[in-house]
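Heads up, the sequence shown stops at 161 in full-length UniProt numbering, and the numbers go up one at a time, no gaps.
Glycine residues also receive a C-beta, built at the ideal position from the N, C-alpha and C atoms.
Structure first, then comments.
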Amino acid sequence: KLVVSHRDIPELEKYLSNEYEEDDVTVKVVELSTNEIAKQSNWIGANRPKYESDQEEEVKPEDPEEIPGMELKAKTPKATKVTKPSTKQFHSEKQVKKELKKQATKNVQKSKVFQKKNKMEQRKQKKQSLRANKLKEGAKQKFGKKGNKNGRFTKRNKDTD
């Protein structure tokens, strides 16, 4: 069963690989793949993992004059091994449900919709905190500290300011 976005459209299937001729133009509708295009025009094909045999590095005695990290010849990095997901053994339904729940939440959190929603919430919270800070600062500037040591407010004289 294919995903909805990858299903063939039945109305268009009859037109696939058909030729149409109009006055000076001949049109042929064909389904293409990246491998076919790569063969025709010497391009790089589809992205597929390449498995290389383990390359053994040549062991050379180190030169005493070389400083670590300043070698003249670059060392070839070792090939990384692709690890397959391990199959876990579950002893109860509770563990199965727990694992399914974890995987579902991971998938939801990776989805673009969820990430956009989180970003919108972050922006909203940031705006709210900025507004609150501006209100506090505005109140401090507007009223200031007019009280004396006893906590009573005094009138300001225009002459002393």
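Please report the Cβ distance between residue i and residue j, rounded to the nearest whole angstrom; I am assuming they are in contact, meaning their Cβ atoms lie under 8 Å.
i   : j   : result
E19 : T26 : 6 Å
Given residue i, which residues of its chain have a CB within under 7 Å of its CB, disregarding the five upstream and five downstream residues?
i   : result
N42 : none
Can you give me the Cβ contacts of residue i inside the same chain, cut-off strictly under 6 Å, excluding the 5 residues immediately before and after it?
i           : result
residue 198 : Lying before the first or after the last residue shown, residue 198 is absent from the chain, which here runs from 1 to 161.
K117        : none
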